[in-house]
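Per this note's numbering: the sequence shown = residues 106 to 300. Quick reminder that beta carbons are idealized off the backbone N, C-alpha and C, glycines included. Computed from a predicted model, the values in this text were never measured in an experiment. Here is the structure we will look at, set down as structure tokens.
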Amino acid sequence: MHDLFVIHEGFSPGEYKNRGYGITITWGWAKSPFGAALVMQSKGRLVGLAFASAGEKGTKEHSNVLANMKARWPAAVFIEDSEAANSMGQCIFGPKNKKIDLQLLGTPFQIKVWQALLEIPSGGLVAYGDIAKSIAAPRAARAVGAAIGRNPISWLIPCHRVILSNGYLRNYEWGIPRKLAMIGWEAAEQSKRQP
106 MHDLFVIHEG FSPGEYKNRG YGITITWGWA KSPFGAALVM QSKGRLVGLA
156 FASAGEKGTK EHSNVLANMK ARWPAAVFIE DSEAANSMGQ CIFGPKNKKI
206 DLQLLGTPFQ IKVWQALLEI PSGGLVAYGD IAKSIAAPRA ARAVGAAIGR
256 NPISWLIPCH RVILSNGYLR NYEWGIPRKL AMIGWEAAEQ SKRQP
């Protein structure tokens, strides 16, 4: 799954400050191994990836996930585009080796943390403190945890690979059962690659 070629870039400081003003974001639901995936794009770049239970798209859970993600860009214009979402969903969850461009909306610190998450190998698990050390902020494990919690592109920016130093799982925006499913899925994929 993470043989995908992921390129990322941040929104400009002005776009961050304006919280999406002047930006059009298309959104829609796509199928994924982890339930329904909310796919959000702007100018062909993925700006949001979130999850809800599979099933009817009009449920309260789906509405809450959509509202949560829209709140990250309160001044943006949102247009539903199921076809674009399905196409991007196939790139993300379908055959490997697809190039996916990400555009991140966050503070410089958050983007630094999200870049560190991209360095965690598929099937690997690290502690919050390990991420803090990797960005030269060893005393900032809590701030790292907060930045991880604001990750707008779950799965591709693999926040699910971060656990507590004692091995326990901590809150996950899209639910601990989904985090366990993602970790298990990656472990199964890794075992398929082992001789």
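Count the other C-beta atoms from every protein chain shown that fall within 10 angstroms of the C-beta of Pro243, then say buried if there are 16 or more, exposed otherwise.
Pro243 comes out exposed.
Tell me, please, which residues DSSP counts as bridged to Ala245.
Per the DSSP secondary-structure output, Ala245 pairs with nothing in a beta bridge.
If you draw a straight line from the C-alpha of Leu55 to the C-alpha of Leu261, how long is it?
The question about residue 55 has no answer here: the residues shown for the chain are numbered 106 through 300.
Do you know whose CA, among Gly127, Leu285 and Tyr273, lies nearest Ala180's CA?
Cα-wise, what sits closest to Ala180 is Gly127.
Residues that Gln146 bridges to, as DSSP identifies them:
Listed as beta-bridge partners of Gln146 by DSSP are Thr131 and Leu151.
Relative to the C-alpha of Gln195, which candidate in Arg266, Arg124 and Leu154 has its C-alpha closest?
Among Arg266, Arg124 and Leu154, the Cα nearest to that of Gln195 belongs to Leu154.
Taking the C-alpha atoms as reference points, what is the distance between Leu171 and Ala142?
Here the alpha carbons of Ala142 and Leu171 stand approximately 10 Å from one another.
For Glu294 versus Gly228, is the C-beta distance shorter than 9 Å?
Judged by their CB atoms, Glu294 and Gly228 are nearer to each other than the 9 Å cut-off.
If you draw a straight line from the C-alpha of Gly140 to the C-alpha of Thr131, how long is it?
Each residue's Cα considered, the two are about 20 Å apart.
Helix, strand or coil for His107 per DSSP?
Bear in mind that a pLDDT of 44 at His107, under 50, signals an unreliable position, so the number given afterwards is only what the model happens to contain. In this structure, DSSP gives His107 a state outside helix and strand, which the three-state scheme calls coil.
With burial defined as no fewer than 16 other Cβ atoms inside 10 Å of the residue's Cβ, what is the status of Leu269: buried or exposed?
Exposed, by the Cβ-count rule.
For a test of the three-state rule: what should DSSP assign to Lys217, helix, strand or coil?
It is helical.
Measure the C-alpha to C-alpha separation of Cys264 and Arg283 and round it to an integer number of angstroms.
Pairing Cys264 with Arg283, the inter-Cα distance amounts to about 12 Å.
Opposing strand residues paired with Ala185 [DSSP bridges]
It is worth fixing the name first, because residue 185 is Glu in this sequence and not Ala. For Glu185, the beta-bridge partners assigned by DSSP are Trp132.
Could you give the C-beta distance for Ala246 and Ala252, rounded to a whole number, given that I count them as a contact under 8 Å?
Incorrect: roughly 11 Å between the Cβ atoms, too far for contact.
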